[in-house]
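Here the protein sequences come in this chain order: V and W. Residue 13 is where the first sequence starts when you use this note's numbering, and the numbers rise one by one after that. Residue 190 is where the second sequence starts when you use this note's numbering, and the numbers rise one by one after that. Accompanying notes for the structure given below.
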Amino acid sequence: MKMINRISLILLSIFLLFVSTAQIVEATTAYKTFTEDGYGRYVETQTAYTVTDTIVRFDDELFSQAQDMKVGEDGLLYIADTGNGRILVGDRFGNFERSIGDEELSKPTGIFLSHDQKVYVADETNAKIFVYTLEGELLQEFGRPESLLFGESANFIPLKVAVDQRDNIYIISRGNSNGIIQINANTGQFLGYFAPNQTAVTPLTIFRRAIFTEEQLSRMIDIVPPTSTNINIDEKGLVYSVSQGDRVEAVRKLNVAGQNIIETQVADDFPAAIEVGSLDNIFVGSEDGFIYEYTSEGNLLFVFGGQDDGRQRVGLFRRLSAIAVDEQDRIYALDQDRNQIQLFQPTEFANLVHQSLELYQNGDYEASKGPWEEVIRLNSLFDFAYLGLGEAYFKDEEYNEALDAFRQAKYQEGYSDAYWEVRNVWMRENIMTLIFVIIGLVIFFKGLGWLERKKGYRKRLADQINSRYQLKFLRDVIWIKNMIRHPINTFYGIQYENKGSTWSAGFWLFILYALFILDKYFTGFIFRYVRDGEYSLFMDSVLFLAVAVLVIGSNYLITTINDGEGKLKHVFIGFIYAFAPFFIFKPFTILISNYLTLNEVYLLNLANTIIYAWVAILIFVMIKEINDYTIRETFKIIFITLFMILIAILFIFIIYILIVQMLQFIVSVFNEGVYRIENH
Amino acid sequence: MKTIKIRTIIKAIVFLSLLSGFIYFLLSGDEEDMDITGPDTPVIDAPSEEEEEPDEDETELPPIEEPPQVELDDDELQELLDDQKERDLVIESKRSSIEEHDYLIENDDYELYLKEENLSLILREKNTGAVMYSTVEEPVGSNETWQNFMRSGIIIEYIVGTNIVTNRADMYSQDPEKTVTKTSDGFQAEIYYPELEIGFEVKVSLTDQGITVDIPQDSIIEENDRYQMASIYVYPFLGHTLLGGREGYMFIPDGSGALIYLDDKDGKFSQPYSAMVYGENAGIDDPYVLSLFNRMNPFNQPEKILAPVFGMVHTDNQFGFLGIIEEGEFSARLEAYPNGAILPYNWITAKFIYRQVYNQPTSQDTGTMVVRQRDRNEFDIKVHYHFVAEEEANYIGLASAYREYLLDSELLTAKEDKFHLRVDLLGAEIEQGLLVKSDVPMTTFSQAYGILTDIKAKGAENILSIYKGWNQKGYHGGLPIRSFNPNSSLSDGRSINQLIDQLEEEQINLFLYHDALRMNTEELGFTQHKVMKKFNKRTYNEAVFGKVYKEFNYLHPQSTVNIMEEMHQKYKEEDIERLVISGISNTLFSYSEGNQEFDRISTKNYYQPLIESYADTFNLLLEQPFAYLWDQTDAMVDVPTRSSNYIFVDEDIPFIALTLKGIVPIYAEYVNFQANQEDFFLQMVEQGFNPSFLITHESPANLINTNSSHIYSSQYERYEDMIQTYYRDLSDVYIQTAGSVIVDYQRQGPTTKVSYANGVDVYVNYADQPQTIDGFQIDSKSYQVVNNR
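So, in structure tokens, the structure goes:
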């Protein structure tokens, strides 16, 4: 008995020794953890990962400026020890296993462990790719491809390397913007460039290309696409790459054809490393120490970490250079300045999210509901959970619940689909009532028309009112209805028959403003581009007024010096009245947008196009008629007006800058004066 | 008429075109040396935050750690270490002198030896013979400045003229004149530096618990305007150890408490732990230069030091001490150096600050100069080193020493220790509306009544609730609360007074929350209340990066007092009996007014009587209070359960729980926002905390556009069941330990055993596997309470 006790005690203590690295009570983390909501805004959430350990050395082997790291299937860490010119292999407890390539390597910057258990190393100084066995035996090396296709002047300075299942090596070379270099590992043959980054074509670059000389163009940096900064390949052979730079897709998941198949709403500007986790989750580490976890479809689950600015707290980085994830979802993050690896362990919350995601990705929607709801209980703003929940409900044909969940998730496609179903059900149930209502309405209006024709109540009433009160304002306001059928006559009326007034135009201007606001904030969720609860009414008003003043004012000023006959009043009234179709039809499109789905979006687009085209034509006609121009002259005037608007904006901008400068100067002088006086 | 008009317009247009031509000329002129990366749009916007910060960076204050790292390679160090003769850890019997330290005095437990040359002390525990040294005899691995530092008992730092770098004078540098006189219980030394014309008096006395060191401010002499005292170190090397030569740990009061082991750190850490007692000083210290993350602050603030204590324990000869700063704690900075941070020694000390330097901006966005503080901070220094030996030489011993000290010196009296469930409610917040800012009601008065009575009806009998954001304009919009004005969007047929009365009938205690520190200048507009200004005469802005308000200001302490005195009356008129005061309970700062500078003690002198008068009239709770206010609160609210996770910390300990459990009820942080809720639950079981929840009636999604957007989980619906389970489980444990202090605390791998004075043991298992401890089998992630009475 005693013996057994002793044995169990020994076993227990061994066991304890084994688990004792796990911290009992984790500390307040130095960093906050965020997730994204449906709009791509960052929302705070429970800590997803906490640091459990920091590795600064493998036994006595220190690393220096290490720039890459991978975790093997054996759980060992392979570190490209860039500063010491070798590959270090050790375990997560800091035990040294072996070092590889001490002789050949001089500046290994990239490392990859291939499916057939080989270590590929990119050496920047040697400009070569070395291939080793896991034990460190040199198998192969690849230098600059001989092929003509590679390009005579193209650089071959390998920084990062990856290998797919078909033994194609993907190499990122410094300063080679043609794309990722692809070489066949068995034959050494250059296969071509893969998935180059695109340069963003802005109007400015087009303009420059048109006018710049060759020499000037060659000096422009931003027409050369940036080289990818890091690369990785998952088990299915999909290539993941990250790139830094303006207007570049920061995170890409590439199919065989080199097309990006994910879209991320949020991404870092300086991604440094990318890794694929157990659920095909994508982990991106940024240079300034933030670690992002995306789902395989590019939804951000978590972002945490940050730059160490002397806080001396665990979990921050001075310069993150590589991340790796092992089978247990532990994240290893390498700091190349501090020469240490921090080991992040998922928390209960992160595990719960992963569990729900796994069920969801396996199509087990029913089972995923519970975990998703638990995630929402813990964090009601975790919109991705609502999305998962919505999908689950949708698959179960619980459309109303799905609708609510998608609305929470701000997921427009899903919402549209669910709404289509809900509307469908409603239509089926209410189709008869609807038909009766329509028939009833038709009969009612026909009857009303018949009554009017017979007795003329309305006309009599109108006449009576007209004769009793001098309602010029009302008449002017209603005058706009003629715009629909007889625009030219109407403009003539405005100019010569004193129809319409500044007040009536002012009234319609206000309506225009109201519609503009309604359109912005009360369009149906599916078609709205402003976010929930985001109001910028003051800016909207200022903008609206400024545009109105600028357009009408500029146009008037230009026409006066071009023999235009319109007075300011007429131009003003004309402009506003030209919006007649907008006044009449826009309310309907706003209303109807609340009942349409993405399937019928063309209807809405068509209606809007017609309205805007109509308004444009009316404005054109207005300018022509009011000023008595020919068509040719009208075009000329419109272009000059546009030019004038441009100049006016520029002018206001410059004045603004000068005033700001002046104010800053005055404030500085004042402050300094105050300080001098107080201290003497 | 018409022609004139047209002519004027033509003139205007000609003018415009001329002007635009001129501008075009200017711009096209620029284009010749065009930047190749983009069009040269002149970007001269108002400086944004990100732009501002690098400027501050440039003119940053010199780092606090003055001398540079002492360079020393390993071999050299090894040689020096080999030369080092072992100092005795245990000296069996009384001697006339130990290492040139002469026998001075003794009492029942301790003998004190003194070396007059450098005021170095050696303390011997008579029972075991364990000794502790206060200076290094033969310092290794450093330059002369540091060697003198290590060999001295007291070190001052001084500022020369307008120079902002501090210099040091110790028992060797700057040739002090020393007069040591023996007193009845120790000695008194007058130190005078003839060259600097600075002098002061040190009094060391041996007490039953250990030693006390006094430096009264009256004794400080500063006769030369050129040289001024900056700070004083009091026995910084007391209990120091060299590299990994000894066993034990240093204790820092960071958050819940943390230990730094005395093992060899292999040079991993280049910086020490350094933090002001009672939090950083907003009036002087510039906050961290924030690298914002999408206009948000991605960092959590480190925990504040709530109690002015530090410790050093040597487990090899079972001797250690708890340093209690009895006086001068408001200007003290705790520094703990793990070996490798500058010196190869482990040492921990308090540094008392008399004068500081600060940044004085001279223009709107660029240019600052560093300026010296004019007046000396006024305080006496009194540090009490409470020694612990034998079985008590561990952190549990330190905690009970501190508890004894608090109780004996009447800084704390035992409070009623009863289990309560804390359910905080958030009333209203403010968001940017279509035209104006609008209220976001989260829990109305009726809903509050509904929630609390529902919780009670379901079984959770004892409830304590704090109502936040009950006032007009809600939690953040209504700062500071200046009148008793409940939020109108919350009163749906029930007023707040009715709510309180009706809850009182149900025996549910509702406390109103009052932040007495912050003010919202954006909402306040014109006001007679003054804002707190930093030493550089700039208004202090507490950046919160909120969705509605970007920053808040602090009230001038006088304004706080004015408002609070008025409110005192109003609360009484409204028959409010229960209040929570926050803000001033855990913030202290220096400030300036006109040309005068005031230190933290003046701020404290405003706050303390104010809080005392509130404590007399009301049932008062203080939010995360500093130690000097502990006696004024009926319970400790939001006690940190963890440390700030500094890189050099080896272990978190529940120092505050060990000290206060059984004396004052302790309420943990909110359960809502814990990532590891299971572990957190076990931690509450282990340390005897009362659970806290933050609850709203509405979904927190409504808060997304408010300043409380960090609240992402609070809806009552989702917590209904959880609250009841927590209540049942935790109260079962609590009942058995209520009113009893913790006498032992042991960690073994993933399990903990906590022993209470009344004989109850609580076993907690944090592992995913069942564990056996003391013959008890404890399930995975579970606990067991054993009553040994």
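Virtual Cβ for every residue (Gly too), placed ideally from N, Cα, C. For clarity, every value in this text was computed on a predicted model and none was experimentally measured.
>> Below 8 Å, how does it come out for the stretch 548 to 566 of chain V and the stretch 593 to 610 of chain V: are there three or more Cβ pairs, yes or no?
In response: no
> Taking C-beta to C-beta, are E637 of chain V and Y541 of chain V nearer than 8 Å?
Replying inline: no
> From Q228 of chain V to N138 of chain V, what distance separates their C-alpha atoms?
Replying inline: 34 Å
>> Suppose contacts are defined by Cβ-Cβ distances below 8 Å. Is L89 of chain V in contact with Y304 of chain V by that definition?
In response: no
> Start and end of the alpha helix (DSSP H) containing G639 of chain W?
Replying inline: F634 to A646
> Quick one, which residues of the stretch 189 to 222 of chain V are near chain W if we go by CB-CB under 7 Å, in chain order?
Replying inline: L216
>> For a contact defined as C-beta to C-beta under 8 Å, what are the partners of I836 of chain W on chain V?
In response: T66, Q324, R325 and V326
> What did DSSP end up calling H429 of chain W once you bin it into helix, strand or coil?
Replying inline: coil
>> Can you pull the chain W neighbours of L569 of chain V, defined as C-beta to C-beta under 7 Å?
In response: I198 and I202
>> If we define contact as Cβ-Cβ less than 8 Å, is S255 of chain V a contact residue for chain W?
In response: no
> Roughly how many whole angstroms lie between the Cα atoms of S118 of chain V and R98 of chain V?
Replying inline: 7 Å
> What residues from chain W crowd round N5 of chain V, counting only those whose CB sits closer than 7 Å?
Replying inline: Past the boundaries of the shown model lies residue 5 of chain V; chain V is included only from 13 to 692, so the question cannot be answered.
> Do N698 of chain W and P675 of chain W have their C-beta atoms closer together than 8 Å?
Replying inline: no
>> Quick check: is the beta carbon of T653 of chain V nearer than 8 Å to any beta carbon in chain W?
In response: no
> Tell me the DSSP bridge mates of D933 of chain W?
Replying inline: W:S944
>> Going by C-alpha to C-alpha distance, which of V:Q676, V:G155, V:N567 and V:F584 sits closest to T646 of chain V?
In response: V:N567
> Which residue or residues does DSSP assign as beta-bridge partners of G772 of chain W?
Replying inline: Bridge partners of G772 of chain W: none, in fact.
> In its own chain, which residues sit with a C-beta less than 7 Å from the C-beta of A60 of chain V, not counting the 5 before and 5 after it?
Replying inline: T45, F314, F316, P358, T359, F361 and A362
>> Quick check on the burial criterion: 16 or more other C-beta atoms within 10 angstroms. Buried or exposed for P383 of chain W?
In response: exposed
> Quick one: complete beta strand (DSSP E) runs, 3+ long, within the stretch 222 to 284 of chain V?
Replying inline: 240 to 245, 251 to 255 and 263 to 266
> How should R522 of chain W be labelled, buried or exposed, when 16 other C-beta atoms within 10 angstroms of its C-beta is the threshold for buried?
Replying inline: buried
> Taking Cβ-Cβ distances below 8 Å as the criterion, which residues of the stretch 489 to 522 of chain W are in contact with chain V?
Replying inline: N489, P491 and E492
> Just how far apart, CA to CA, sit Y624 of chain V and F734 of chain W?
Replying inline: 41 Å
>> Any beta carbon from chain W within less than 8 Å of N391 of chain V's own beta carbon?
In response: yes
>> With a threshold of 8 Å between beta-carbons, can A34 of chain V be considered close to chain W, or not?
In response: Residue confidence for A34 of chain V is low, a pLDDT of 41 falling below 50, so the modelled location carries little weight and cannot support an answer.
>> Tell me the rounded alpha-carbon separation between V260 of chain V and Q676 of chain V.
In response: 36 Å
> Secondary structure at W536 of chain W, three-state DSSP: helix, strand or coil?
Replying inline: strand
> Can you give the Cα-Cα distance for G509 of chain W and G964 of chain W, rounded to whole angstroms?
Replying inline: 32 Å
>> The alpha helix (DSSP H) that contains F316 of chain V, what's its start and end?
In response: Element bounds for F316 of chain V: not the alpha helix (DSSP H) but the beta strand (DSSP E), L312 to G317.
> Quick one: which chain W residues come within Cβ less than 9 Å of I573 of chain V?
Replying inline: I195, I198, I199 and I202
>> Quick check: the Cα distance between E139 of chain W and N879 of chain W, rounded to an integer number of angstroms?
In response: Given a span of 190 to 978 for chain W in the structure shown, any question on residue 139 of chain W remains unanswerable.
> Opposite Y381 of chain W in the DSSP bridges: which residues?
Replying inline: W:E366 and W:G388
>> Please identify the residue among W:A590, W:K571, W:E567 and W:V572 whose C-alpha is closest to the C-alpha of D578 of chain W.
In response: With the sequence shown as reference, residue 578 of chain W is identified as Ala, and Asp is not the correct amino acid for it. Nearest option by C-alpha distance: W:A590.
>> Could you tell me which whole alpha helix (DSSP H) segments of length 4 or greater appear in the stretch 284 to 367 of chain W?
In response: 333 to 339
> For I195 of chain W, which residues does DSSP report across the bridge?
Replying inline: Looking at the DSSP assignment, I195 of chain W forms no beta bridge with any residue, so it has no partner.
> Between which two residues does the alpha helix (DSSP H) harbouring Y656 of chain W extend?
Replying inline: Looking at the DSSP string, Y656 of chain W is not in any alpha helix (DSSP H); the run it does join, the beta strand (DSSP E), is I652 to K657.
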